[in-house]
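Asker:
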Amino acid sequence: MNIEQREKCFKQKRLKSFIIVSGYFFFEGCEDVVILPTCWNFLQTLGVTEEHWLGYTISIYSVAAAIAGMIGGRLADKYWNHTKAIIFSSIIFRSIGHLQYMLGLNVWNILISRTICGLGAAAGTSAIAEICRTTTPEERRTFISIITAAFQIGILVGPGLQLFLSYFNFSLFGLAVTPLNAPGLFMGLLWLLYWVATSILFTNLTQEFQEIQKLKLGIDSGQQEAVAPILEITNQNNEKPQEGSDIYSKYMHEFLTDSYVLLTWMVLTLYFQQVALETVIPVITQDYFGFGVHENTLIYCFEKGNNTHVVYFLVGTFLFYLGSPIFNVGNTALASKVLSTETQGLGQGIRRMMSYIGLIFGPTWAGSTVHNPRLFIGLTLALLFVNVKSGTVIFTN
């Protein structure tokens, strides 16, 4: 097989793997919006009357996801030829967690089920690291932008799925399936199907990518200037994961740069604000506007309502969600550029950990201040202004 045929075969396999990775982030986006609109009502049926339990339920997922993401990133750097195994096992946690969520039982079972779901977040970090290792810098920006867009599309499609689930009312093996626990059943089965698709379509391609780049360099050895960008990325990829003090010194050098620190800080504040808003939407709309499951689902999808206050609230929510995907695409692409290939796994893990820290404290803060709107909005605005000021200073310099 000549180099052209081999590269064509590689790109076909990479496309399949890329579809799987994009599907992961799409389902992750769907999951957030499918669970959130009914979570508060579901907790109320289990005897919960205090809003802070809603914050704990959402935050516990992020705690587990932050830890799992860090571990998954380090494993992806060290065992880069076993990315499929990491993703494969992580998806099982997501499916089991959602099926357990469906059972309800009590608030502690809900917390445990969300923790198990969070452990599946290691797949996301490993998948991004694999994409970064099997693409050139020019390709990488496009691939990561599409992945980020897939997550945002999932957030957009999720409300439609939740609206569909709101009509569920049947019995399954003696267990009542209602609009409140149907999201757990639906997402659990969806992740099982995705697990099957991953086993068929996803392939570890890092080594094959390295070999193809070596062959291309050998053929074009007489054109050094033309292949300089390829040479740089190939040299990075051909190095096996470093051990000991070398890799840790590289981690310290890259993770403490102004650009990387700012990008991770921006991710933290964005997700803090986004999920804080998502947390208070069901409570505010129930208390102030008398909305139920159907109306809360529509809030996550488009503007609706004639009452002046309702319009103000929905327009603000719409504008907020309009800016989030734009920020995510740019931030993810920039983060991949300031990290070398050897540190992509843990670097993306840290970045995702910061997003989960925002997801942890956002719902907790929102649940505690939902009845004190000035305090709730004041902190989010302060974080926004700090972000703008820091970004202006660092990127100008």
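Counting the sequence shown from 1 gives a position; the numbering used here is that position plus 919. Just so it is clear, CB atoms sit at the ideal spot from N, CA and C, and this is done for glycine as well.
(1) For the beta strand (DSSP E) containing Phe1089, name the first residue and the last one.
(2) Alpha carbon to alpha carbon, how far is Leu1258 from Gly1286?
(3) Pull up the DSSP beta-bridge partners for Val1115, would you.
(4) Helix, strand or coil: which one does DSSP assign to Val1257?
(5) Here's the rule I'm using: 16 or more other beta-carbon atoms within 10 Å means buried, otherwise exposed. How should Leu1091 be labelled?
(6) Which residues bound the alpha helix (DSSP H) around Val1026?
(7) Helix, strand or coil for Val1096 per DSSP?
(8) So, are the CB atoms of Ala985 and Thr1034 less than 8 Å apart?
(9) Of all the options Cys949, Gly1023, Tyr998, which has the alpha carbon lying nearest to the alpha carbon of Gln963?
(10) Could you pull out every residue in the same chain whose Cβ sits closer than 7 Å to the Cβ of Asn1025, ignoring the five residues on either side in sequence?
(11) Less than 8 Å between the C-beta atoms of Arg1052 and Trp999, yes or no?
(12) For the segment 1073-1093 against the segment 1294-1313, do three or more pairs of beta-carbon atoms, one drawn from each stretch, fall closer than 8 Å, so that the two count as touching?
(13) In this structure, does DSSP put His1001 in helix, strand or coil?
(14) So is Cys958 buried or exposed if we call it buried at 16+ other beta carbons inside 10 Å?
(15) Please return the same chain residues whose Cβ sits closer than 6 Å to the Cβ of Asn1306, not counting the five positions on each side in sequence.
(16) Using C-beta distances below 6 Å, list every residue in its chain close to Ala1040, excluding the 5 sequence neighbours before and after it, in chain order.
(17) Please list the terminal residues of the continuous alpha helix (DSSP H) segment that includes Phe946.
(18) Count the other CB atoms within 10 Å of the CB of Gly1242; is the residue buried (16 or more) or exposed (fewer)?
(19) Taking 6 Å as the limit between beta carbons, can you name the residues of its chain near Tyr1275, skipping five residues before and five after?
(20) The alpha helix (DSSP H) that contains Thr1288, what's its start and end?
(21) Quick one: is Lys1003 buried, meaning 16 or more other Cβ sit within 10 Å of its Cβ, or exposed?
(22) Name the residue from Leu1278, Gly1103, Glu923, Arg1270 whose alpha carbon lies nearest to the alpha carbon of Leu1196.
(23) Can you tell me where the alpha helix (DSSP H) with Glu1049 in it begins and where it stops?
(24) Pull up the distance between the alpha-carbon of Tyr1179 and that of Phe1246, whole angstroms please.
(25) On a CA-only basis, which of Gly1235, Val953, Thr1198, Ile990 is nearest Ser1009? Give me that one, please.
(26) With a threshold of 16 other CB atoms inside 10 Å of the CB of Met1273, please say whether the residue is buried or exposed.
(27) Measuring only the C-alpha atoms, how far is Glu1144 from Lys927?
(28) Could you tell me the alpha carbon to alpha carbon distance between Ala1252 and Phe944, rounded to whole angstroms?
Answerer: In terms of the structure at hand:
(1) Here residue 1089 is taken as the residue at index 170 of the sequence shown, counted from 1. 1089-1091 is the span of the beta strand (DSSP E), which, as asked, contains Phe1089.
(2) As a position in the sequence shown, residue 1258 is number 339, starting the count at 1. As a position in the sequence shown, residue 1286 is number 367, starting the count at 1. Each residue's alpha carbon lies about 36 Å from the other.
(3) Translated into positions along the sequence shown, residue 1115 becomes position 196. Val1115 pairs with nothing; no bridge assigned.
(4) Taking the sequence shown and counting its residues from 1, the one referred to as residue 1257 is at position 338. Coil.
(5) Counted from its first residue, the sequence shown places residue 1091 at position 172. Flag for Leu1091 reads exposed.
(6) Taking the sequence shown and counting its residues from 1, one reaches residue 1026 at position 107. First-last of the alpha helix (DSSP H) with Val1026: 1026-1038.
(7) As a working mapping, residue 1096 is identified with position 177 in the sequence shown. Strand.
(8) Locating residue 985 in the sequence shown gives position 66, counting from the first residue. Locating residue 1034 in the sequence shown gives position 115, counting from the first residue. No, Cβ-Cβ distance for Ala985 and Thr1034 is not below 8 Å.
(9) Looking up residue 963 in the sequence shown gives position 44. Of Cys949, Gly1023, Tyr998, the residue nearest in Cα terms is Gly1023.
(10) Locating residue 1025 in the sequence shown gives position 106, where the first residue counts as 1. Excluding sequence neighbours, Asn1025 sits near Leu965.
(11) To locate residue 1052, count along the sequence shown from 1; it is residue 133. To locate residue 999, count along the sequence shown from 1; it is residue 80. Yes. Within cutoff.
(12) no
(13) Stepping through the sequence shown from its first residue, residue 1001 is reached at position 82. DSSP places His1001 in helix when its eight states are reduced to three.
(14) As a first step, residue 958 must be located in the sequence shown, where it is residue number 39. Flag for Cys958 reads buried.
(15) Reading the sequence shown from its first residue, position 387 is the one you call residue 1306. Correct list, in chain order: Met1185, Thr1188.
(16) By one-based count along the sequence shown, residue 1040 stands at place 121. Contacts found: Ala984, Ala987, Gly988.
(17) Numbered from 1 along the sequence shown, position 27 holds the residue referred to as residue 946. Counting along the chain, the alpha helix (DSSP H) containing Phe946 begins and ends at 922-964.
(18) Position 323 of the sequence shown holds residue 1242. Result: exposed.
(19) One-based indexing of the sequence shown puts residue 1275 at position 356. Correct list, in chain order: Ser981, Ala984, Ala985.
(20) In the sequence shown, residue 1288 corresponds to position 369, counting from 1. Segment 1263-1288, the alpha helix (DSSP H) holding Thr1288.
(21) By one-based count along the sequence shown, residue 1003 stands at place 84. Per the 10 Å Cβ criterion, buried.
(22) On the sequence shown, position 277 is the one that residue 1196 refers to. Comparing Cα-Cα distances from Leu1196 to each of Leu1278, Gly1103, Glu923, Arg1270, the minimum goes to Leu1278.
(23) What you label residue 1049 is simply residue 130 of the sequence shown in a count that begins at 1. Glu1049 -> alpha helix (DSSP H) spans 1041-1052.
(24) Here residue 1179 refers to the residue found at position 260 when the sequence shown is read from its first residue. Here residue 1246 refers to the residue found at position 327 when the sequence shown is read from its first residue. One C-alpha to the other measures close to 15 Å.
(25) Along the sequence shown, one-based indexing puts residue 1009 at 90. Out of Gly1235, Val953, Thr1198, Ile990, Ile990 has the C-alpha closest to the C-alpha of Ser1009.
(26) Residue numbering aside, residue 1273 sits at position 354 when the sequence shown is read from its first letter. Answer is buried; the Cβ neighbour count reaches 16.
(27) On the sequence shown, position 225 is the one that residue 1144 refers to. On the sequence shown, position 8 is the one that residue 927 refers to. The pLDDT assigned to Glu1144 is 47, lower than 50, so where the model puts this residue is not dependable; a value taken from the coordinates is nonetheless given after this. Approximately 24 Å, taken between the alpha carbons.
(28) For the purposes of this step, residue 1252 is taken as residue 333 along the sequence shown, with counting starting at 1. For the purposes of this step, residue 944 is taken as residue 25 along the sequence shown, with counting starting at 1. Taking the straight line joining both Cα atoms gives about 15 Å.
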